[in-house]
Amino acid sequence: MNFDFGLFLAALFFILFAGYIVFHLSYFFGFYFKYLEIEDNCIFIFELNKFKLKKNTLDEILGYSKSEAYFGKNGWKSKSIVIYFKNGETSELVKVFLSNFDSLEEELKRKKIKYLGFEGYQTGWFYRQYKFNKNRK
3 MNFDFGLFLA ALFFILFAGY IVFHLSYFFG FYFKYLEIED NCIFIFELNK
53 FKLKKNTLDE ILGYSKSEAY FGKNGWKSKS IVIYFKNGET SELVKVFLSN
103 FDSLEEELKR KKIKYLGFEG YQTGWFYRQY KFNKNRK
């Protein structure tokens, strides 16, 4: 049995390339996937990328804005809601990755959370920059 080094290198590069693609797709899914629940006076947001559950009261919310998230240079876009907290944190909730997105805005209005306006998509070096955080500092 002869060892074909060229075949070995081709197989190795294919495995590395496939692993690279799988890693980035799973990271992409984990970065945007969030689970949200609003109960009484609290909002619960589970973030898969941090694997943590944040619990905030509705009094800790500064407001929310509507926006759109773009995927790819000329790819598709999805509606999103950005929730701003008084401590400076933000949480972007993208419609594609949130099952109860359609009822979210109605629930925020019903709880009398301030609407800050439409926010255009502003990219930063590695992550998105949020417009209404810059105005508060």
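Just so we're aligned, residue 3 is where the sequence shown starts under the working numbering, counting upward by one. Virtual Cβ for every residue (Gly too), placed ideally from N, Cα, C.
Within 10 angstroms of the beta-carbon of residue 99 lie 16 or more other beta-carbons, which makes it buried.
Shown here, residue 21 sits in a helix according to DSSP, grouped into three states.
Here DSSP, grouped into helix, strand and coil, assigns residue 29 to helix.
Secondary structure at residue 57: strand, using DSSP grouped into helix, strand and coil. For residue 105, the enclosing alpha helix (DSSP H) covers residues 103 to 112. Looking from the CA of residue 87, the closest CA among 123, 21, 67 and 41 belongs to 67. With a contact defined as Cβ atoms closer than 8 Å, residue 118 and residue 106 miss out at about 15 Å.
Put simply, the backbone Cα of residue 113 is about 34 Å away from that of residue 28. Beta-bridge partners assigned by DSSP to residue 65: 86. The Cβ atoms of residue 32 and residue 51 lie closer than 8 Å to each other. Per DSSP, residue 36 is one residue of the beta strand (DSSP E) stretching across 36 to 41. Residues of the same chain with a CB within less than 6 Å of the CB of residue 9, apart from the 5 flanking positions on each side, do not exist.
Between residue 63 and residue 40, the C-beta gap is not smaller than 8 Å, which leaves the two residues out of contact. The C-alpha of residue 71 lies about 47 Å from the C-alpha of residue 6.
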